[in-house]
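Number of protein chains: 2
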Amino acid sequence: MKNQGEDILKNSALSVTASRKRILEIFLSADNALAHQDIETKCAEQYDRVTIYRTLQTFLEKGIIHNIPSTDNMVRYALCNETCITSGHHHDNHVHFKCDNCGKTVCLDDVNIPAVNLPKGYTMKEINMVVNGTCKSCK
Amino acid sequence: MKNQGEDILKNSALSVTASRKRILEIFLSADNALAHQDIETKCAEQYDRVTIYRTLQTFLEKGIIHNIPSTDNMVRYALCNETCITSGHHHDNHVHFKCDNCGKTVCLDDVNIPAVNLPKGYTMKEINMVVNGTCKSCK
DNA sequence: TTAAGAATGCAACTTTGTTGCAAAAGTATT
DNA sequence: AATACTTTTGCAACAAAGTTGCATTCTTAA
Chain A
0 MKNQGEDILK
10 NSALSVTASR
20 KRILEIFLSA
30 DNALAHQDIE
40 TKCAEQYDRV
50 TIYRTLQTFL
60 EKGIIHNIPS
70 TDNMVRYALC
80 NETCITSGHH
90 HDNHVHFKCD
100 NCGKTVCLDD
110 VNIPAVNLPK
120 GYTMKEINMV
130 VNGTCKSCK
Chain B
0 MKNQGEDILK
10 NSALSVTASR
20 KRILEIFLSA
30 DNALAHQDIE
40 TKCAEQYDRV
50 TIYRTLQTFL
60 EKGIIHNIPS
70 TDNMVRYALC
80 NETCITSGHH
90 HDNHVHFKCD
100 NCGKTVCLDD
110 VNIPAVNLPK
120 GYTMKEINMV
130 VNGTCKSCK
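As you go down the protein sequences, you meet chains A and B in turn. Per numbering that gives the first Met the number 0, the first sequence starts with residue 0, numbered consecutively. Per numbering that gives the first Met the number 0, the second sequence starts with residue 0, numbered consecutively.
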């Protein structure tokens with residue numbers, strides 16, 4: 000594969016543009032989830048802020064990335080792995096971990112979210128789990 | 000108890016002020032979690048926006064309320080129940096539910112977050128679980 | 001009642017997110 | 001490879017959200 004980003008775009012039926020390729024590159028080379036701001040600092044001189052907002056929105060809709068909730072008003076995004084992407088309907092059912100020390104948020108791809116029993120009358124569609132603590136690099 | 004809000008403030012060693020009492024009242028009479036904005040619309044004419052920010056911050060620090068992560072850049076807050084408040088170190092280990100239909104976020108006080116095994120090297124301090132779907136009023 | 005400390009309101013500001021529209025780039029077709 | 005069509009981008013202007021410093025007001029405890 001000479002350009003992984005381009006493949007991802009084509010698989011999602013998106014036109015291949017410089018900014019989209021660049022943003023995918025940033026995700027591909029990141030080892031943690033990224034907030035809008037992280038991406039902006041990495042390419043604000045090349046691409047407009049508005050373009051970044053719209054690109055992230057598009058990637059979300061196409062299931063290329065998923066978002067990770069947080070209590071700090073900084074929604075973060077991470078690339079979906081193959082399972083997420085190929086399965087038409089997107090659902091990532093792995094646990095996310097945010098390190099209180101280094102601040103990085105990562106996908107724990109191997110840790111599945113355990114089942115929960117909801118009270119009568121509630122129907123589950125999506126489930127999200129975020130753990131805080133100390134990551135293996137900071138312990 | 001003639002004024003529950005006042006009691007809460009005294010128990011947390013906070014001075015009793017009109018705005019704090021009012022904001023607590025709003026939480027006490029709400030049946031769902033509230034975002035900053037929700038509170039602002041309910042009392043912006045009485046109290047300054049900045050006061051609301053600072054009050055929520057204070058309540059969080061004292062463990063009077065806890066915050067609920069989200070993917071929509073709207074962190075919501077809910078009153079802690081007795082267990083949360085009395086146990087010096089705050090940790091709420093119940094599941095939160097956000098209804099895709101009515102938009103309300105509620106604490107499922109009776110549903111405990113199940114245990115998860117983290118990979119080697121990770122230490123857990125807090126855990127958060129948010130389920131999306133349809134609530135019992137909207138089914 | 002008063003002095004000390006804490007909380008509030010205001011103003012000014014920064015950051016974050018949104019929208020409409022014209023220009024530029026990408027795609028498909030011939 | 002040139003074209004016509006569609007999509008994406010950048011810009012400008014705005015709206016909303018959040019922060020900070022400081023003077024004034026309110027709480028508390030003696």
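Yeah, the Cβ is synthetic: ideal placement off N, Cα and C, and Gly gets one too. For clarity, every value in this text was computed on a predicted model and none was experimentally measured.
Rounded C-alpha distance that separates residue i from residue j
{"i": "CYS106(A)", "j": "ALA32(A)", "result": "8 angstroms"}
{"i": "LEU55(A)", "j": "ILE22(B)", "result": "36 angstroms"}
{"i": "SER28(A)", "j": "GLN3(A)", "result": "11 angstroms"}
{"i": "ASP99(B)", "j": "ASP91(B)", "result": "23 angstroms"}
{"i": "ASN111(A)", "j": "LYS9(B)", "result": "42 angstroms"}
{"i": "SER18(A)", "j": "ALA12(A)", "result": "16 angstroms"}
{"i": "PHE26(B)", "j": "ALA77(B)", "result": "7 angstroms"}
{"i": "LYS119(A)", "j": "PHE96(A)", "result": "30 angstroms"}
{"i": "ASN108(B)", "j": "HIS93(B)", "result": "According to the sequence as given, residue 108(B) is Asp; it is not Asn. Straight-line Cα distance between these residues: approximately 5 angstroms."}
{"i": "GLN36(B)", "j": "VAL115(A)", "result": "30 angstroms"}
{"i": "GLU5(B)", "j": "LYS124(B)", "result": "31 angstroms"}
{"i": "ASP47(A)", "j": "LEU59(A)", "result": "19 angstroms"}
{"i": "ASN72(A)", "j": "ASN66(A)", "result": "12 angstroms"}
{"i": "CYS134(A)", "j": "SER69(A)", "result": "17 angstroms"}
{"i": "ILE38(B)", "j": "THR104(A)", "result": "30 angstroms"}
{"i": "ASN127(A)", "j": "GLY62(A)", "result": "16 angstroms"}
Three-way DSSP call (helix, strand, coil) for residue i in this model
{"i": "LEU27(B)", "result": "helix"}
{"i": "LEU55(B)", "result": "helix"}
{"i": "VAL49(A)", "result": "helix"}
{"i": "ILE64(B)", "result": "strand"}
{"i": "CYS106(B)", "result": "strand"}
{"i": "ALA114(B)", "result": "coil"}
{"i": "LYS41(B)", "result": "helix"}
{"i": "ALA77(A)", "result": "strand"}
{"i": "LYS97(A)", "result": "strand"}
{"i": "ALA17(A)", "result": "helix"}
{"i": "LYS119(A)", "result": "coil"}
{"i": "SER86(A)", "result": "Bear in mind that a pLDDT of 44 at SER86(A), under 50, signals an unreliable position, so the number given afterwards is only what the model happens to contain. Of the three classes helix, strand and coil, the one that applies to SER86(A) here is coil, per DSSP."}
Bounding residues of the beta strand (DSSP E) (the contiguous stretch that carries residue i)
{"i": "GLU125(A)", "result": "122-133"}
{"i": "ASP71(A)", "result": "Taken as a continuous stretch (DSSP letters only), ASP71(A) belongs to no beta strand (DSSP E), as it is neither H nor E."}
{"i": "CYS137(B)", "result": "Careful: CYS137(B) lies outside any beta strand (DSSP E) and carries neither H nor E."}
Enclosing alpha helix (DSSP H) for residue i [first to last residue]
{"i": "LEU8(B)", "result": "3-10"}
Proximity test, Cβ basis, 8 angstroms: residue i and chain B
{"i": "ILE51(A)", "result": "no"}
{"i": "LEU33(A)", "result": "no"}
{"i": "ASN92(A)", "result": "no"}
{"i": "THR54(A)", "result": "no"}
{"i": "GLU142(A)", "result": "Outside the shown range of chain A (0 to 138) lies residue 142(A), about which nothing can therefore be said."}
{"i": "LYS41(A)", "result": "no"}
Residue i at chain A interface by Cβ criterion, 8 angstroms
{"i": "ILE38(B)", "result": "no"}
{"i": "LEU23(B)", "result": "no"}
{"i": "PRO118(B)", "result": "yes"}
{"i": "ASP109(B)", "result": "yes"}
{"i": "GLY132(B)", "result": "yes"}
{"i": "PHE96(B)", "result": "yes"}
{"i": "ASN100(B)", "result": "no"}
{"i": "LYS103(B)", "result": "no"}
{"i": "THR57(B)", "result": "no"}
{"i": "VAL115(B)", "result": "yes"}
{"i": "ILE7(B)", "result": "no"}
{"i": "ASN10(B)", "result": "no"}
{"i": "ALA17(B)", "result": "no"}
{"i": "TYR46(B)", "result": "no"}
{"i": "LYS20(B)", "result": "no"}
Members of the segment 59-84 of chain B that neighbour chain A once the beta carbon cut-off is set at 7 angstroms: ASN66, PRO68, SER69, THR70, ASN72 and VAL74
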